[in-house]
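Working notes for the structure below.
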Amino acid sequence: MNAKERNTDVFFLPLIAIVLGLALGAVIMLLGGYDPIAAYRALLNKAFGSMYNFGETIRQITPLILTGLAVAFAFRTGLFNIGAEGQFLVGSLASLYVGVEWTFLPTVLHAAAAVAAGALAGAFWGALVGYAKAKRGVHEVITSIMLNWIALFFVNYMVKTFFLPAGQQRSVAVAETSYLNIPFVTELFSNARLSFGFVIALLCAVFFHYYLFRTKGGFELRAVGFNRHAAQYAGMNVNGGIVRAMAISGAFAGIAGAVEVLGVFHYQSVLTVSPGYGFQGIAVAMIGGTAAFGTVLGAVLMGILTFGAAGMKFGANVPPELVNIVIALIIFFLAASGIIKPVTRWFRARKQRKEAA
Amino acid sequence: MAQTPNFVVEMIGITKRFPGIVANDDIHLRVKKGSIHALLGENGAGKSTLMNILFGLYQPDEGEIRINEKPVAITNPNVAGELGIGMVHQHFMLVHNFTVTENIMLGAEKTKNGIQLDQRKAAEEVRALSQKYGLAVDPDALIEDISVGQQQRVEILKTLYRGADILIFDEPTAVLTPQEIQELLAIMKSLVASGKTIILITHKLKEIMQVCDTVTIIRRGKVVDSLPVAGSNPDELAEKMVGREVSFQVQKKDTVYTETMLEARNVTLADDRGVKALDGLSFELRAGEIFGIAGVDGNGQKELVEVLTGLSKPTGGEVLLKGKPIAGASPRSISEAGVGYIPEDRHKRGLVLDFDIGENMALKDYYAPKFLKSGLLQYGRIYEKARELIRQFDVRTPDERTKARALSGGNQQKIIIAREVDANPDVLIAAQPTRGLDVGAIEFIHRRLVEQRDQGKAVLLISLELEEIMSLSDRIGVIYEGKLVGIVEPSKTDEKELGLMMAGANAKEGAAR
Amino acid sequence: MSGWDIGSDLIHITLVYATALMFGALGGLWSERSGVVNIAIEGMMTIGAFTGAVVTYFAGSPWIGFIAAAVAGAIFALPHAVASVTYKADQTISGVALNFLAVGLGLYLTKLIFDGQGQSPNLASGGTSLMIAKVQIPFLSDIPFFGHAFFEAYPTTYIVLALMLVTWYILFKTPWGLRIRAVGEHPKAADTAGVNVYLVRYMAVLTSGAFAAMGGATLALTTTASFSHSTVAGQGYIALAALIFGKWHPIGAVAAAAFFGVVTAVKFLLPYIGLGHVPLDIISMLPYALTLIVLVSFIGRATAPLASGVPYEKGSR
Amino acid sequence: ACGGGNAEQPADETPAAEQPAAETPAAETPAAEQPAKSDIKIGMVTDFGGVNDNSFNQSAWEGLKAFGDASGIEYNYLQSAQDSDYIPNLNQFVQEGWDLIWGIGFLLQDAMLEVANQNPDAKFAIIDGVVDAPNVASVTFKEHEGAFLVGVVAGLMTESNKIGFVGGIDIPVIQRFEAGFREGIKAVNPDAEVIENYTGSFAAADQGKAAAATMYNQGADIIFHAAGATGDGVFNEAQEQKAAGKNVWVIGVDKDQSITFGNEITLTSMMKRVDQAMQTVSQSLVDGSFTPGIVNLGIAENGVGLPENNPNVPADVLAKVQEFSDKIKNGEIVVPETPVE
Ligand SMILES: Nc1ncnc2c1ncn2[C@@H]1O[C@H](COP(=O)(O)OP(=O)(O)OP(=O)(O)O)[C@@H](O)[C@H]1O
Ligand SMILES: Nc1ncnc2c1ncn2[C@@H]1O[C@H](COP(=O)(O)OP(=O)(O)OP(=O)(O)O)[C@@H](O)[C@H]1O
Ligand SMILES: [Mg+2]
Ligand SMILES: [Mg+2]
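Residue numbers (this note's numbering), protein chains in the order written: chain V, 1 to 357; chain P, 1 to 513; chain F, 1 to 317; chain D, 1 to 341.
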């Protein structure tokens, strides 16, 4: 395979995986006696049918970008962050605190401080995982799973103890000065809850790329991720690197939590189950090939599918869980891209034949 | 048929292509029964590939194999086993947390009542085999607890246990001590005497001269020549192999000692359980010399290097660099203070295999101002520097953005050497710098080390290859059980004496200061 | 309530609670010991719960459902094996895909079969229970304390403990086990010794699926009585944690699962030891916090089988 | 066994027309025989419990379904997968011009307030929550009153003098259940001990089962649950205990749960007539008499109470229940809304 072919594969493989995933999803719908065309049309309609829906789709995509980046970042440094879920939650809590209490801050500053608080809390929660791994050798998967649950109950406890208005299952609202919503945008999208958080998420993707591939810190983290022995010998602080990598990863997820509180709900609910953005983030990162831009695209795809799913139920009576199947298939084809390589080869052969003709 | 010589192995017109390279190009190889047949060639010439084909790990694209004059299709190692072919691999194929017996029986297990492993019976067989061929090992020992030489015996026992008659040895001596090498060569002789046939891949011409009957030389996937060893000589073989004349003589200027650069004083390193890997070790390394450390593997070399480079902190004693204590300092501060290090395991410590060449060459100074501008790495400059080093050190690679993983061992080693030498350290620590490399590459690396010395730098050379130590060093320290048991000059000793010291016999006086 | 009764009940509930986790952890063990990372335990348990509940509902016998679940689990694991063994996929990614697939497939099919309902019919409804019944071992169950604690349990608990011993025996005492472990540590060594690495990994992954699915079926057939989105709800991940906690050893993994069971069971017994007023969230946090503390302070470094996560490519170095 | 078939409760207000329609062979019934088609559309949005949780949400959906089938209006539901879905799901109905949009459960309260304010022309109704907006009808229940009555049953019928309460999430609605239940027990049997356990979830049958197991093992003989699908586990455990020869009971919630779980273990149920409220309010929309505001349904309004048939409750106990029921109805007893121990 030459370099050019490799490049086209980077582009084509995901595309083919997505098409195949959707096609197989259609077959499954047919087998179940549903109308796949109506279903996909309803899905797209739900995702893009009106400015409101379009705005809500962006709202759905935003946290996915961030938790996707969290997972991808850790992955790039040799760590599997299955704990974005918990980092997300403590991020929400911290931004809630700042959003409610720090009312002495003026508008933009208040929001910025609240987002920063979310990032810091997420970073701290991630750093715990890194610390346990670096200092005590505890596998990051198991600590993250534990910390996810701990975060869920801890955040509930804090919300109930310090922020709960009588008779409610959610916190008091954050001050309007900390809102991430931009009034004219909200109006443009007929009250959809998209916010400046989307821009923050995109900025995070840019930061992700630059930090990892253009700074010395990123250089170190990648080296640690690939080969910690060589990194250690080359004078890098391996343990510090692991903690730092998990902290940055956690910060992304923490910002996701902040954006949900400051841009979507304006309060924090007492949760019975985690919202699941962390786990979806794993899928997003995988679809995106753990690259910054890829992760954004992965989040877009994931957001459209999950938000559009309700439309499918509504418009074609297809159980919304079908999109999970489609997402699974896409990830699967991407992971085992060997399965679909024959398809790309066939395309190439056909193109060459055409060119030859 | 009857009058043709008795060939057990015939490989006829073998071709094997890998993406972008023809590893074996119409190779013909005929091995006589009861002989030791050498395969010689540069790194990447295609020797391992050819043997992997014979062993059923690869399928040839073209060509035919005959075993005992019958055409065969060796589709996997099981088939090879049935044909009586066994292989001792270049990188040992041993499961580190299994016992010797478990490793030997793996894939050919003995059971009682049809279900349960019968370790005892297998162990008895192993014991019997090791007695028969003089391969002493403890069948119940864990692989990770035994020496490299013993591990190799396990590999040989593995093939014998399966009843192999044709044994392939891929660079078996690269990791052995001189004594172990002699023992191995004797074992090979005894194997052949009992009717086995051996194919030996090695870069060491001396070994070929010592035990082999025939040698086949491969260059860039093609057979250059196949000739009886008797009547040939190392120079001729080397020239055929590399395609040019190779000098085995290391040219050195006279020794000009100046000040002491590095000094170890009573360095001790004990692990959690108090076992001492280094036990009051002392030496001085002076500018303008190559100080060789000879010793059997596992006598503290690894730990010594780790202490000197800051990877571990000694539990006792002092390390002085140009008079300043550095024991326990971080690897980075030691490296910045002027210590360079060519690690023994290039894949583990030397390189980030998934980084490209440019990144690997900048692995230790990526943070230097020359590569940074307002916090951002200047990849343009990093690659520019890499191109320069690639030229200077003759690294064979398509470009500077090729992943280190894709290079041959020799070229990977050159990246490390380029990086460490270019940093212009006052002290260069080289651990096993030529392990597994061909004579051409070895020559190159030796020249670089001597160059450093000649420029007035201090070089600490740690090697298991006595020949390398003898030819390069100005002084030789022998390490045994974590102590330097003697310091000698190469001109006043010989391999035999060194070998004895390495085995712990009676340290030479005037030792350890 | 006497302390003895509470203690006895604690063990009793622990066993009920931990059984599914034990299945899951043992399932993961098979796969990971052969060098295939399995974060899809969650998905495999989900498929097991689904199959167990649905087949039991239609076949009228929980044991048919239980066995069907094991078979379904093995089939469901097949794509993971194909991806990670044949196509050398990143095993983590493949596992993530399977987890998504299981939830999707389980609920999609449930809704398809049961007229749009997101939950299969309750197996204990309508007076006749289709659930697996607890057994009381004659005589032993009459022993004070120990009887209620250990000898009054679901058969699945005894099955999983038996499977733990079987797993241990196979892994450490038979040629198959030797090969599985070799493949998990150093596949190339196994390959050159004539072991079919791919076959071993395929079998191990399929076994893994069957075991984990039995865990899911245990949930559906002994505790939740139906399949829904909340039947497994993260227990597969806990099982994964137990596997790591138990250092990839069958007995260790089962013991770790039991530890999770204990800390969970404590939650229900707090009211009887005068701690009923501790906030629910703090109580709920307890199992996870305790685990974390134990891990960080006592257990520390656990090393996975060396080759786990690394696809084996014949002929590569 | 599909839950849907059990919906027909003897219900006073249900139009009689529904019965014959159900009895005619369904397949060939010409459209003419169906109740007149109407172009009114009523939708409902649930939380993540889903419409077959064997209690609350299911009750709501069955009510809407029964009403829709009887009146010929169009109906549909959307289940929320996460918190952030509430608003888009409500909006989905708003945007497509549905005439009345139900929110099922307390958790939708905030979302509905927001959507109702943004869409003053749309009409909404919520169960179990109070939304202060001019276009929302809020339906709440005096669960404490109904729970008081089953508390009376439990207090009179317990043999071990130990009674359990399994709650779902610790929210005001569920606290009302507990408060009433405790009060009812106290009224007839002040010595009885009440053990309570909140599992923290409405969807964790396994936790319900474990909670019930400990309660029964520690000597309780009757457990009242107010925990949605978590309560399924209470029934499962009771069934097992019964099979092992123990004399234990469950008091069901929301619907008459003996229909699902059988009379062997179901002592009685605290009916919360969500289905009827759904039908009544929906009917008012069809009639044109829809009035926003708060409706609080207690014993007097027939919103809570015991099922018609209670084969396991002796007549004298039922008489006591009737007595207390009257006292509550006429204000003689005021049941507290938060638990007093
Ligand atoms: N699996 C493989 N895939 C691609 N190329 C390979 C593979 N194995 C070997 N090659 C290439 O084939 C050539 C011959 O390699 P081989 O390992 O046979 O060399 P060798 O003679 O054994 O070298 P050395 O002395 O370093 O052991 C090399 O250029 C190598 O890059
Ligand atoms: N998959 C592969 N693709 C390309 N080249 C490969 C591949 N696998 C191995 N090689 C190449 O095969 C050659 C021989 O490999 P081998 O491991 O024998 O290296 P070596 O030079 O002997 O070094 P060492 O003995 O230190 O490992 C090297 O050039 C290596 O880069
Ligand atoms: Mg080789
Ligand atoms: Mg080599």
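Yeah, the Cβ is synthetic: ideal placement off N, Cα and C, and Gly gets one too.
Across which residues does DSSP place residue i in a beta bridge pair?
{"i": "Q136(F)", "result": "E152(F)"}
{"i": "E359(P)", "result": "None; E359(P) has no bridge partner."}
{"i": "Q116(P)", "result": "K112(P)"}
{"i": "V156(V)", "result": "Here residue 156(V) is Asn; the residue named in the question, Val, does not match the sequence. In DSSP, N156(V) forms no bridge with anything."}
{"i": "W61(D)", "result": "In DSSP, W61(D) forms no bridge with anything."}
{"i": "H89(P)", "result": "Looking at the DSSP assignment, H89(P) forms no beta bridge with any residue, so it has no partner."}
{"i": "Y210(V)", "result": "Partner(s): none; Y210(V) has no beta bridge."}
{"i": "K272(D)", "result": "V304(D)"}
Please go through the same chain and pick out, in chain order, the residues whose beta-carbon is closer than 7 Å to the beta-carbon of residue i, but skip the five residues on each side of it.
{"i": "V317(D)", "result": "V153, L156 and M157"}
{"i": "G24(F)", "result": "I41, M45, A212, G215, Q235, G236 and A239"}
{"i": "G276(F)", "result": "L270"}
On the criterion of 16 or more Cβ atoms from any shown chain inside 10 Å, does residue i qualify as buried, or is it exposed?
{"i": "Y257(P)", "result": "exposed"}
{"i": "G86(V)", "result": "buried"}
{"i": "R182(D)", "result": "buried"}
{"i": "G315(V)", "result": "buried"}
{"i": "D145(P)", "result": "exposed"}
{"i": "N81(V)", "result": "buried"}
{"i": "A244(D)", "result": "exposed"}
{"i": "D206(D)", "result": "buried"}
{"i": "L31(V)", "result": "exposed"}
{"i": "P311(D)", "result": "exposed"}
{"i": "K196(P)", "result": "buried"}
{"i": "G274(F)", "result": "exposed"}
Are the C-beta atoms of residue i and some chain D residue less than 8 Å apart?
{"i": "G33(V)", "result": "no"}
{"i": "R118(F)", "result": "The sequence shown places Gly at residue 118(F), not Arg. Taking Cβ atoms only, chain D reaches closer than 8 Å to G118(F), which makes this a yes."}
{"i": "E56(V)", "result": "yes"}
{"i": "A310(V)", "result": "yes"}
At a Cβ threshold of 8 Å, is residue i touching chain V?
{"i": "K364(P)", "result": "yes"}
{"i": "A289(F)", "result": "yes"}
{"i": "Q322(D)", "result": "no"}
Is the CB of residue i under 8 Å away from at least one CB in chain F?
{"i": "I115(P)", "result": "yes"}
{"i": "P77(P)", "result": "yes"}
Excluding the five sequence neighbours on either side, which residues of its own chain have a C-beta within less than 6 Å of the C-beta of residue i, listed in chain order?
{"i": "M105(P)", "result": "A122"}
{"i": "A74(F)", "result": "L206, G209 and A210"}
{"i": "L257(F)", "result": "One detail in the question is off: residue 257(F) reads as Ala in this sequence, not Leu. Around A257(F): A18, L21, M22, A25 and A242."}
Take residue i and list the residues in its own chain whose beta-carbon comes closer than 8 Å to its own, dropping the five residues that flank it on each side.
{"i": "P433(P)", "result": "I342, Q413, I417, I445, L449, L461 and S463"}
{"i": "L129(P)", "result": "L135, L157, L160 and Y161"}
Could you check whether the Cβ of residue i sits closer than 7 Å to any heavy atom belonging to ligand 6?
{"i": "G243(P)", "result": "Because ligand 6 does not appear in the structure shown, any question about it cannot be addressed here, the ligands present being ligand 1, ligand 2, ligand 3 and ligand 4."}
Does residue i have its Cβ less than 8 Å from a Cβ in chain P?
{"i": "S308(F)", "result": "no"}
{"i": "T167(F)", "result": "no"}
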